[in-house]
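Position in the sequence shown counted from 1, then plus 15, gives you the working numbering.
Data first, discussion second: the structure below is written as structure tokens.
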Amino acid sequence: MKLIVVAVATLVLLAAPARAEPASADASARRLELSERYFKALHLETNYIALMKSMLPILMAGRAPAQSGEALEETFRAVIDEVMPQMIKDMEAIMVPACAEIFTEEELAGLVGFYESPAGQSLVVKTPQLSARTSPEMAKLMPKYQVLFVERLLERLCAEGACGPDKTPARTPS
Numbered sequence: 016m017k018l019i020v021v022a023v024a025t026l027v028l029l030a031a032p033a034r035a036e037p038a039s040a041d042a043s044a045r046r047l048e049l050s051e052r053y054f055k056a057l058h059l060e061t062n063y064i065a066l067m068k069s070m071l072p073i074l075m076a077g078r079a080p081a082q083s084g085e086a087l088e089e090t091f092r093a094v095i096d097e098v099m100p101q102m103i104k105d106m107e108a109i110m111v112p113a114c115a116e117i118f119t120e121e122e123l124a125g126l127v128g129f130y131e132s133p134a135g136q137s138l139v140v141k142t143p144q145l146s147a148r149t150s151p152e153m154a155k156l157m158p159k160y161q162v163l164f165v166e167r168l169l170e171r172l173c174a175e176g177a178c179g180p181d182k183t184p185a186r187t188p189s
């Protein structure tokens, strides 16, 4: 779930400029309208649900045999169908005005132009398929990079003197 949220947030905010243009009331209304069109063109509800379902093999991979199987996968699918639509609506209520504030009118018009185009809609429609095809292989990469991340993090923390004698980060009293 965290991976999905991070991925979506990254996609939504990838092109964010350092500063948005100052907004008049008309410019703000136009940017809000463009932001709404942008999110509509993304088909978030359909694609988030498809993305979550395509990631079920990853979600199920670490489960004990007693906690896996077709019945559990169906339960996951049912909960995704039940929870995701409202989650998407709540996310859009936050993201639409944020994008209208962060992106310039020109940037939003460009995003809308692309995502409403045949190529943009093809990207939107095929992204869940791409995820379904690549997720199992990506899942195989994760353990290697999780270990590497922790190793590098510990190296740097220890180099900064933030490790105890056992080479683990020193705990600070709460």
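C-beta atoms are modelled at their ideal positions from N, C-alpha and C, and glycine is treated no differently.
For clarity, every value in this text was computed on a predicted model and none was experimentally measured.
Q | Residue range of the alpha helix (DSSP H) that includes Ala-177 | A | Premise fails: Ala-177 is in no alpha helix (DSSP H) and is neither H nor E.
Q. Would the stretch 54–64 and the stretch 138–154 be scored as touching if the rule is three or more Cβ pairs under 8 Å?
A. yes
(Q) Which residue marks the beginning of the alpha helix (DSSP H) containing Thr-90, and which one marks its end? (A) 85–117
Q. Thinking C-beta only, is Val-111 closer than 9 Å to Phe-164?
A. no
(Q) Based on DSSP bridge pairs, tell me the residues matched to Pro-184. (A) Cys-178
Q) In terms of residues, what are the limits of the alpha helix (DSSP H) holding Met-70? A) Careful: Met-70 lies outside any alpha helix (DSSP H) and carries neither H nor E.
**Q.** C-beta atoms of Pro-72 and Ala-154 nearer than 9 Å
**A.** yes
Q) Between the beta-carbon of Ser-150 and the beta-carbon of Ser-69, is there less than 9 Å? A) yes
Q. Just to confirm, are Arg-46 and Glu-131 a CB contact at a threshold of 9 Å?
A. no
Q.
I'd like to check one pair, Thr-183 with Leu-168: are the Cβ atoms closer than 9 Å?
A. no
Q: Tell me whether Ser-132 sits in a helix, a strand or coil according to DSSP, three-state version.
A: coil
**Q.** Euclidean distance between Cα positions of Pro-100 and Ala-115
**A.** 22 Å
(Q) Given a cut-off of 9 Å on the beta-carbon distance, is the pair Met-75 and Glu-89 in contact? (A) no
Q.
What does the Cβ neighbour count give for Ile-103, buried or exposed, with the cut at 16 atoms within 10 Å?
A. buried
**Q.** Sequence-distant residues of the same chain with beta carbon closer than 8 Å to Ile-109, five excluded per side
**A.** none
Q: Counting only the same chain and skipping the five closest in sequence on each side, list residues whose C-beta sits under 8 Å from that of Arg-92.
A: Lys-68 and Leu-71
Q. Do you know how far the Cα of Arg-148 is from the Cα of Lys-159?
A. 20 Å
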